[in-house]
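Following this note's numbering, the numbering of the sequence shown begins with 1053 at its first residue and continues without gaps. Working notes for the structure below.
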Amino acid sequence: QRATPRGIYVSSYQSTSTRRPLKTTVSAFVYIKPTEGTSYTSSSFSNQCIGVTNAGLIRGGYHFAHPDLSSGATQANYFLAHGGGWSADDITPPGALDIEHNPSDNECYGYTASSMVSWIKSF
């Protein structure tokens, strides 16, 4: 039977004081948001990483995408420049992309399905 590791993702909206019970609620990892678009960086990211690491969990970063603001490559570079990269330290998995429904309308940020796939691949 294949193992299915469990994990959660958090942003600055979750208090760093919630990190202590993480070990009992998840078995393996936590993804933490350091960036969004090309202008937001989380002031909580570093402390959240420390807390998760101190709890004995694997932690990685995820980027909250805004495809309507800039290219995937531009946002990936911003993410990498602000703590979102992978480290060969046995506790940092590759970064992840959080891309969600466009909250302002039912369109996919003005992209066709194939152009959205291209945006994601460029990230």
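Backbone N, C-alpha and C fix where the C-beta goes; we use that ideal spot for every residue, glycine too.
Enclosing beta strand (DSSP E) for residue i [first to last residue]
i: Ala1109; result: The sequence shown places Leu at residue 1109, rather than the Ala named in the question. It is not in any beta strand (DSSP E) - Leu1109 carries neither H nor E in the DSSP assignment.
i: Ile1060; result: Gly1059 to Val1062
i: Ala1148; result: Ala1148 to Asp1150
Residue range of the alpha helix (DSSP H) that includes residue i
i: Leu1131; result: A small correction: the amino acid at residue 1131 is Phe; Leu does not occupy that position in the sequence shown. From DSSP, the alpha helix (DSSP H) with Phe1131 extends over Gly1124 to Ala1133.
For residue i, the three-state DSSP class (helix, strand or coil)
i: Ile1084; result: strand
i: Thr1070; result: The predicted model places Thr1070 with a pLDDT of 49, which falls under 50 and marks its position as unreliable, so this point remains unresolved.
i: Ala1165; result: helix
i: Asp1142; result: coil
i: Thr1105; result: helix
i: Phe1175; result: coil
Beta-carbon spacing of residue i, residue j below 8 Å
i: Gly1162; j: Leu1121; result: no
i: Ala1080; j: Gly1059; result: yes
i: Asp1157; j: His1115; result: no
i: Ser1166; j: Ala1125; result: no
i: Gln1100; j: Ile1084; result: yes
i: Pro1086; j: Gly1135; result: yes
Check: residue i C-beta below 7 Å from any heavy atom of the ligand HEM
i: Gly1147; result: Summarising the ligand content, the structure contains no ligands, and the ligand HEM is consequently not present.
Next on the checklist: Three Cβ pairs or more, each shorter than 8 Å: is that satisfied between the segment 1088–1097 and the segment 1140–1148?
Outcome noted: As far as the Cβ criterion goes, the segment 1088–1097 does not touch the segment 1140–1148, which means the pair count is below three.
Item to check | Given 8 Å, three or more beta-carbon pairs between the segment 1150–1167 and the segment 1125–1137 | outcome: Touching, no.
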